[in-house]
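Engineer:
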Amino acid sequence: IFDDNIYGTGHEDIDIMCDNIDSFIQLTNAQRVNGNKYRDNLVVAVGSLKVRFDVRYIGDNYYPAEWQKQILSRRKQLSNGLYVMSEEDYVYSLAYHALCQKPVLSEEYYNKISSAYKQLLNLDSSINIDSADLIRILASYCGNQNYSVYTPEDPGVYINWNNMNMYALMYSFCCTVIVSNSKC
Numbered sequence: 003i004f005d006d007n008i009y010g011t012g013h014e015d016i017d018i019m020c021d022n023i024d025s026f027i028q029l030t031n032a033q034r035v036n037g038n039k040y041r042d043n044l045v046v047a048v049g050s051l052k053v054r055f056d057v058r059y060i061g062d063n064y065y066p067a068e069w070q071k072q073i074l075s076r077r078k079q080l081s082n083g084l085y086v087m088s089e090e091d092y093v094y095s096l097a098y099h100a101l102c103q104k105p106v107l108s109e110e111y112y113n114k115i116s117s118a119y120k121q122l123l124n125l126d127s128s129i130n131i132d133s134a135d136l137i138r139i140l141a142s143y144c145g146n147q148n149y150s151v152y153t154p155e156d157p158g159v160y161i162n163w164n165n166m167n168m169y170a171l172m173y174s175f176c177c178t179v180i181v182s183n184s185k186c
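For the sequence shown, the tail end lands on 186 under the numbering used here, and the numbers increase by one without skipping.
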């Protein structure tokens, strides 16, 4: 399963969401890359390959915990046995990651998100969606789902405070941004 379609597409790891990281480590015999218990980059030996995984789990605040639970419960199984996020979770989690956890919204992320969003909602592909629209769309989605946003436990996750502040201001009536488990 570790071919160019999954591993080797320009990203150096495979992203995993699980309910419990300790169970993942025990099941896969994974080793931490940097020895830091707050960094969830792991290496798993698969045959002669050393495969890197970026593991996220319920309660690590990478995404809101309630959302993480929903992501796992709505996952879809592919014909090869692997699980992937639902289309809805893919769109909004990718937007969340690109807008809130990256210094800038890259063209690659922008294109992926806007294309997937249009496909999810069956929108005309010629409709223009800019980055401010994406923040509003994301804030509205999280607000409608009652997802409060926390800072991740992993100190290696970048937080785009400009976008997070805009996100919180746009929908402060339906979203709460929480920093280090205390409300702003």
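C-beta atoms are modelled at their ideal positions from N, C-alpha and C, and glycine is treated no differently.
Closest to N36 by C-alpha separation, out of V45, L29, T30, would be which residue?
Structural biologist: In the sequence shown, counting from the first residue as 1, residue 36 sits at position 34. Of V45, L29, T30, the residue nearest in Cα terms is V45.
Engineer: Have a look at E89, E155, Y98 and flag the residue whose alpha-carbon is nearest the alpha-carbon of K120.
Structural biologist: Along the sequence shown, one-based indexing puts residue 120 at 118. Among E89, E155, Y98, the Cα nearest to that of K120 belongs to E89.
Engineer: Rounded to the nearest angstrom, what separates L136 and I161 at their Cα positions?
Structural biologist: For this step, residue 136 is matched to residue 134 along the sequence shown. For this step, residue 161 is matched to residue 159 along the sequence shown. Whole-angstrom Cα-Cα distance: 17 angstroms.
Engineer: Suppose the cutoff is 8 angstroms on Cβ atoms and the five residues either side in sequence are ignored; what does the same chain contact list for I18 look like?
Structural biologist: Counting from one through the sequence shown, the residue named residue 18 turns up at place 16. Answer for I18: F26, F55, D56, V57, R58, listed in chain order.
Engineer: Would V93 and A134 be called neighbours here (beta carbons separated by less than 8 angstroms)?
Structural biologist: Counted from its first residue, the sequence shown places residue 93 at position 91. Counted from its first residue, the sequence shown places residue 134 at position 132. The answer is no: Cβ separation not under 8 angstroms.
Engineer: Looking at C-beta atoms only, is the number of pairs between the region 69-85 and the region 105-114 that lie closer than 8 angstroms three or more?
Structural biologist: Judged by Cβ distances under 8 angstroms, the region 69-85 makes no contact with the region 105-114, as fewer than three pairs qualify.
Engineer: Per the DSSP calculation, K78 is bridged to which residue(s)?
Structural biologist: Here residue 78 is taken as the residue at index 76 of the sequence shown, counted from 1. In the DSSP output, where bridge partners are listed per residue, K78 has V86.
Engineer: How is I137 classed by DSSP in three states: helix, strand or coil?
Structural biologist: For this step, residue 137 is matched to residue 135 along the sequence shown. Helix, per DSSP.
Engineer: Grab me the residues of N165's own chain with a C-beta within less than 7 angstroms of its C-beta, minus the 5 sequence neighbours each way, in chain order.
Structural biologist: Residue numbering aside, residue 165 sits at position 163 when the sequence shown is read from its first letter. If we look at N165 and ignore the five residues flanking it on each side, its Cβ neighbours are L101, C102, I137.
Engineer: On the CB-based measure, 16 or more other CB atoms within 10 Å of its CB, does D42 come out buried or exposed?
Structural biologist: Counting from 1 along the sequence shown, the entry for residue 42 is found at position 40. Classification of D42: buried, given that the 10 Å Cβ count is 16 or more.
Engineer: Would a C-beta distance cut-off of 8 angstroms place L140 and A170 closer than the cut-off?
Structural biologist: Locating residue 140 in the sequence shown gives position 138, counting from the first residue. Locating residue 170 in the sequence shown gives position 168, counting from the first residue. Against a cut-off of 8 angstroms, the Cβ pair of A170 and L140 comes out as no contact.
Engineer: Got a sec, what are the start and stop residues for the beta strand (DSSP E) Y111 sits in?
Structural biologist: If you number the sequence shown from 1, residue 111 lands on position 109. Not the beta strand (DSSP E): Y111 falls in the alpha helix (DSSP H), residues 109-122.
Engineer: Alpha carbons only, please: which of T30, I23, R34, I60 is nearest the one belonging to G49?
Structural biologist: Against the sequence shown, residue 49 aligns to sequence position 47. When only C-alpha atoms are compared, the closest one is T30.
Engineer: Contact check, Y143 vs S95 under 8 angstroms by CB: the rounded distance?
Structural biologist: Sequence index remark: in the sequence shown, residue 143 carries index 141 (1-based). Sequence index remark: in the sequence shown, residue 95 carries index 93 (1-based). That pair is no contact at about 10 angstroms.
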